[in-house]
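Reading through the structure tokens given below for one structure.
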Amino acid sequence: MPTLLRWKGYRFFFYSADGWEPPHVHIVKDGKETKIWLHDLSVAINLGYNARELAELVRVTREHKPAFVEAWNDYFGA
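So for the sequence shown, this note's numbering puts the first residue at 121; every next one is plus one.
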């Protein structure tokens, strides 16, 4: 599970077995988790975050998207 970013207690990562899916990040904190697709920054799964939290997590993902995509491609191959 490569960790891409730690921010305000949130951990942004992807699972090592996720390579068959399009690029995305999982974000966890306090037993909550979301999955955000990197191509359009849409929320694929949300387990517990409220709308305000999700908006903030999408914003942070947008800021770091180039680095996240690069890490994905380096790990899984382009």
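Glycine residues also receive a C-beta, built at the ideal position from the N, C-alpha and C atoms.
Everything numeric in this text was worked out from a predicted model, so none of it was measured.
Could you tell me how far apart the beta carbons of residue 148 and residue 156 are, in whole angstroms, since I believe they sit closer than 8 Å? The Cβ separation is near 12 Å, so there is no contact.
Identify the continuous alpha helix (DSSP H) that holds residue 195 and give its terminal residues. 171-196
Hey, how far is the Cα of residue 192 from the Cα of residue 150? 25 Å
Bridge partners for residue 159 per DSSP, in chain order? Residue pairing for residue 159: DSSP places it in no beta bridge.
Given this structure, state the Cα-to-Cα distance separating residue 164 from residue 154, to the nearest angstrom. 7 Å
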